[in-house]
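Structure, as structure tokens:
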Amino acid sequence: MEDPSAVAAAAAHQVRGPLSSIQLRLELLRDRLTGPPNASARQEIQDILREMERLSEILGQVLAWGAVDHSSGPVETVDVLGVAATRVDAWAAQACVRGVRLCLDGVAVTGTQVRGSLEQALDVFLENALQAAPEGSDICVTVYATPSLVRAEVRDQGPGMSDEEIARACEPFWRGTAGRSREGTGLGLTVAAALLAASGGHLELGRAPTGGLRAIAVLPTAD
Numbered sequence: 001m002e003d004p005s006a007v008a009a010a011a012a013h014q015v016r017g018p019l020s021s022i023q024l025r026l027e028l029l030r031d032r033l034t035g036p037p038n039a040s041a042r043q044e045i046q047d048i049l050r051e052m053e054r055l056s057e058i059l060g061q062v063l064a065w066g067a068v069d070h071s072s073g074p075v076e077t078v079d080v081l082g083v084a085a086t087r088v089d090a091w092a093a094q095a096c097v098r099g100v101r102l103c104l105d106g107v108a109v110t111g112t113q114v115r116g117s118l119e120q121a122l123d124v125f126l127e128n129a130l131q132a133a134p135e136g137s138d139i140c141v142t143v144y145a146t147p148s149l150v151r152a153e154v155r156d157q158g159p160g161m162s163d164e165e166i167a168r169a170c171e172p173f174w175r176g177t178a179g180r181s182r183e184g185t186g187l188g189l190t191v192a193a194a195l196l197a198a199s200g201g202h203l204e205l206g207r208a209p210t211g212g213l214r215a216i217a218v219l220p221t222a223d
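Quick note, the sequence shown lines up with residues 1 to 223 if you use full-length UniProt numbering.
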């Protein structure tokens, strides 16, 4: 049976071209509708374009899901703590706007080999955490290791997930109760799990002792 992610990605690729064409034509039409009499029509077109941008985001996630190759592709040796630090820096401005503190702790673990983007997986964790975290709370990113595994954990102080939600969180397009009230595609954790699996690792989700969610990228250490 053909890989469902590849089928979905092929369909997304076919849809993306016509979608871009429609977006462009709507933008041109909006710009031609000038003056107060056309204000309502311009706003309606803008609302449609906003929904189309969300659809484009979903298609991008589907393409990323289909692009993960579990058997081939370059293997890169990374410093997991260094990668985590760059992602914390990248999200710092958005965290500040939301009134959330980002913190980073852990040990440098060199020589970890990954196939696929660890950065993208951590971005999924951080984006989800920022959407869930209440103002004034902390999001902690921690890197720690055992002789055989290295873990990069993102922990927030949001509402967390139930056991049922945790069990289903990596299913394609599934969104939990909290997720339905926020923008998103329902594919972020699916893509993150696939990226980690391509490197011989996996994704772990759990409830934090103080509330909130723990999302952990687990990777094998170098031999």
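C-beta: ideal position from N, C-alpha, C; glycine also.
Quick caveat, the model's predicted, so the values are computed rather than measured.
The Cβ neighbour count for N128, taken over all protein chains shown within 10 Å, is at least 16; the residue is labelled buried. Short of 6 Å from the beta carbon of W91, and not among the five residues preceding or following it, lie these beta carbons of its own chain, in chain order: L126. Minimum Cα-Cα distance from G201 among the listed residues T221, A84, C96 and P209 corresponds to T221. Within the same chain, and ignoring the five residues on either side of R151 in sequence, the residues whose Cβ sits closer than 6 Å to its Cβ are Y144, I216 and V218. The Cβ atoms of A192 and A121 lie closer than 8 Å to each other. In the three-state reduction of the DSSP assignment, G158 falls in the coil class.
C103 carries a strand assignment under DSSP once its states are collapsed to helix, strand and coil. In the structure shown, E127 adopts helical secondary structure according to DSSP, grouped into three states. Burial check for R32: the Cβ neighbour count within 10 Å stays below 16, so the residue is exposed.
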